[in-house]
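First up is the structure itself, then whatever we jot down about it.
Residue numbers (this note's numbering), protein chains in the order written: chain A, 1 to 219; chain B, 1 to 259.
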């Protein structure tokens with residue numbers, strides 16, 4: 001996918017990336033991986049409780065395990081697949097190795113954020129079976145507004161805050177800053193990412209707990 | 001040890017609006033979103049099963065037999081009353097009852113063992129025994145979806161009985177499998193029928209209940225209507241069914257005569 005974007009949009013956007021197609025490709029790769037992880041894990045977690053309804057009707061098992069497990073299983077790929085590439089990007093961008101030590105923070109926050117979203121969605125899906133189509137629409141909205149393949153600078157000032165309001169913005173931007181060394185990692189943004197992760201996890205757990213007693217009549 | 005006191009369970013009847021956010025929002029806008037009626041599926045169940053008891057549960061379809069088992073398993077929480085169960089409970093998983101159809105047989109065995117509270121390593125050592133008993137050695141790496149329904153039932157029975165549970169829950173799963181397997185599972189049941197294992201069986205096979213259980217309860221409309229020796233329970237159930245049949249017959253005759 002990164003190659004496709006680089007080929008199609010590369011020439012238009014490279015002025016924003018210091019005239020380097022490589023840097024544009026790095027930025028696209030990081031954006032795509034984050035958004036891909038988000039949409040893959042949340043849509044998988046969404047189904048998890050209902051998909052195992054037959055099992056839940058047989059055995060009494062902790063139900064939170066299902067959405068959390070589907071996010072964590074994907075996180076393994078994030079750890080062994082994306083992290084080395086990010087380090088490679090860091091080396092190629094001549095970023096100091098010390099700065100790369102920041103990498104795990106936004107990644108862990110992203111995983112927590114997806115766990116929270118997964119818990120929330122999987123609980124809602126038990127009650128409302130049309131959630132997947134609504135979620136698909138929302139994910140697409142997040143995807144388009146998260147500055148994956150275009151530089152933030154081309155977004156008109158008036159609507160730029162929509163992009164910054166995007167929940168994935170903090171993760172994408174801090175990962176780019178850290179790995180590509182385009183700027184000092186923005187501590188404020190790192191904090192926002194961490195808070196998003198914690199907040200989502202908290203909301204997810206609370207909603208899931210509250211909804212759980214109603215599960216068995218609907219599975 | 002199983003102790004149920006005054007257990008009552010209300011379940012939500014299927015939703016007229018369907019499980020659909022869009023439809024519910026529209027129904028709410030039109031103002032015809034009614035709260036759902038609850039249906040009483042278990043009413044004031046008092047049941048005490050000492051360790052080692054073999055208890056049969058009989059009754060017509062929809063009487064709440066399987067629901068009662070689910071309450072004992074901890075799958076369903078009672079609306080009122082208390083449930084106390086001590087010991088490891090293992091249900092026999094039947095067709096469509098929670099195996100992952102895409103995973104190979106071996107993985108499913110490990111998966112269930114872990115869910116029943118065994119460590120993965122512990123289960124690895126049991127896999128061979130389970131496969132051997134279920135007669136599925138050559139299907140070791142076949143996805144469960146490719147097995148016949150009888151084979152799946154054999155697998156479920158083999159897993160639940162291999163883990164030596166304190167309480168075995170059997171819901172209509174004994175009549176499956178071919179003759180050869182039936183003979184084999186009968187032998188294992190006989191072994192499960194050892195003095196210290198508690199077994200709860202829901203079955204419509206009254207002969208089996210009479211032969212294998214010491215005690216039985218008859219359920220009807222969510223209540224326990226008889227609790228006593230299996231022999232007497234079966235007689236009471238059969239008489240009730242006969243009485244109803246002759247009642248229907250009598251009413252039919254009366255109708256004919258009145259014409």
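Virtual Cβ for every residue (Gly too), placed ideally from N, Cα, C. All values reported here derive from a predicted model rather than from experimental measurement.
Counting only runs of 4 or more residues that sit fully inside the stretch 73-154 of chain B, the alpha helix (DSSP H) segments are 105-115 and 120-134, in chain order. Between the C-alpha atoms of residue 6 of chain A and residue 140 of chain A there is a straight-line separation of about 20 Å. Under the Cβ criterion (8 Å, minimum of three pairs), the stretch 199-207 of chain A counts as touching the stretch 100-115 of chain A. Residues of chain A whose Cβ lies closer than 8 Å to the Cβ of residue 75 of chain B are, in chain order, 56, 57, 58, 59, 60 and 216. Around residue 162 of chain A, the same chain offers 145 as residues with beta carbons nearer than 7 Å, after the five sequence neighbours per side are excluded.
Residue 129 of chain A belongs to the set of residues whose beta carbon lies under 7 Å from a beta carbon in chain B. Spanning the alpha carbons of residue 8 of chain A and residue 24 of chain A requires a straight line of approximately 12 Å. Of the residues B/139, B/37, B/110 and B/118, the one whose Cα lies closest to the Cα of residue 127 of chain B is B/110. The continuous beta strand (DSSP E) containing residue 54 of chain B extends over residues 54-58. Of all residues in the stretch 201-227 of chain B, none comes within less than 8 Å of chain A when Cβ atoms are compared. In the three-state reduction of the DSSP assignment, residue 220 of chain B falls in the strand class. A straight-line Cα-Cα distance of about 19 Å links residue 52 of chain B and residue 58 of chain B. Along the stretch 27-53 of chain B, there is no position whose C-beta sits under 7 Å from a C-beta of chain A. Residue 35 of chain A: member of the alpha helix (DSSP H) spanning 21-51, first to last residue.
For residue 124 of chain A, the uninterrupted alpha helix (DSSP H) run begins and ends at 104-127, by DSSP. At least one beta carbon of chain A lies nearer than 7 Å to the beta carbon of residue 11 of chain B. Within chain A, no C-beta atom comes nearer than 8 Å to that of residue 72 of chain B; the closest sits roughly 10 Å away. Residue 171 of chain B is outside the set of residues whose beta carbon lies under 7 Å from a beta carbon in chain A.
Between the C-alpha atoms of residue 211 of chain B and residue 248 of chain B there is a straight-line separation of about 31 Å.
Sequence-distant partners of residue 143 of chain A (beyond 5 residues in either direction) whose C-beta falls short of 6 Å from its own C-beta, in its chain, are 35. For residue 22 of chain B, at least one C-beta of chain A is nearer than 7 Å to its own C-beta. Assigned with DSSP and collapsed to three states, residue 226 of chain B falls in strand. Going by DSSP, residue 59 of chain A is part of no alpha helix (DSSP H) at all; its letter is neither H nor E.
Its Cα nearest to that of residue 68 of chain B, the residue B/218 stands out among B/218, B/117, B/151 and B/250.
The shortest C-alpha to C-alpha distance from residue 94 of chain A to any of A/105, A/166, A/177 and A/158 is the one to A/177. Membership of residue 137 of chain A in the alpha helix (DSSP H) is indicated by the continuous run 131-144. Taking the Cα positions, residue 22 of chain A is about 26 Å away from residue 75 of chain A. In this structure, the CA atom of residue 81 of chain A is about 14 Å from the CA atom of residue 103 of chain A.
Annotation for residue 70 of chain A: the continuous alpha helix (DSSP H) segment containing it runs 65-77. A direct Cα-to-Cα measurement between residue 46 of chain A and residue 216 of chain B gives close to 42 Å. Apart from sequence neighbours up to five positions away, the residues of its chain that approach residue 41 of chain A with a beta-carbon distance below 7 Å are 70, 71, 74, 114 and 118, ordered along the chain.
Using a Cβ distance threshold of 7 Å, residue 206 of chain B and residue 234 of chain B count as a contacting pair. Below the 7 Å Cβ cutoff, chain A contributes 127, 128, 129 and 218 as neighbours of residue 19 of chain B, in chain order. In this structure, the CA atom of residue 108 of chain A is about 11 Å from the CA atom of residue 190 of chain A. Using a CB distance cut-off of 7 Å, residue 91 of chain B counts as an interface residue toward chain A.
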